[in-house]
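To keep things clear, I will list the structure first and then write my remarks on it.
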Amino acid sequence: AARKALMERKRLHHEDEEKDMLANMDLKIEVVEQAESLAASEEWKKTAETFTRLTEEWKKIGPTHHKKNEELWQRFITAKTAFFDRKREHSEKIHQEHEVNYAAKLALVEKAEALKDSRNWNATAQAFASLMEEWKKTGRTSQDKGDELWKRLCTYYIISSGS
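Basically this note's numbering = 1-based index in the sequence shown + 1.
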């Protein structure tokens, strides 16, 4: 009778474990499906934060069947990697654009600096107006480099325009 009772408790324990593992699998499937739906997102900051949250959720979910767990984990990592690879490519593209724009703005600053000793006020004023229009048309640079160039440009613009 004691052995029969022990076996019954053991069977119930295994059934409970199986139910928990199935519930955990459902939770992990939800996490994976969310990750897969975000893989193509271009909301870089928000999605990166969501992936961090999803990773934490994954860690908190209890165990499931090993083989299925590995399969789900690979799907999750594939989605996460796809997003972060695209995010990195996007950041690199922006960085390259900033570098091109920096070179263009640096050339404008150097033209302004070349005009610093000009005494032909009308021509110099027109040249600065033209430089400022080009500056406005040129795209963004990184903030620190852009601020440095802007200060240099304004120094010569103010001196030359007599402001």
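Every residue gets a Cβ at the ideal spot worked out from N, C-alpha and C, and that includes glycine.
With contact defined as three or more Cβ pairs closer than 8 Å, the region 131-146 and the region 102-114 are in contact.
Distance between E57 and Q127, taken at the CA atoms: about 59 Å.
The Cβ-Cβ distance between T65 and M26 falls below 7 Å.
Excluding sequence positions up to five before and after R153, its CB lies within less than 8 Å of the CB of V110, A113 and E114, all in the same chain and listed in chain order. Within the same chain, and ignoring the five residues on either side of A40 in sequence, the residues whose Cβ sits closer than 7 Å to its Cβ are A80, A83 and F84. In the three-state reduction of the DSSP assignment, L116 falls in the coil class. If the five residues before and after T139 are omitted, its C-beta is found closer than 7 Å to the C-beta atoms of N102, A105 and K106, all from its own chain and listed in chain order.
Take V33, set aside five residues on each side of it, and the residues of its chain with a beta-carbon closer than 8 Å to its own are L73, R76, F77 and A80, in chain order.
In the DSSP assignment, E43 falls outside any alpha helix (DSSP H) and carries neither an H nor an E.
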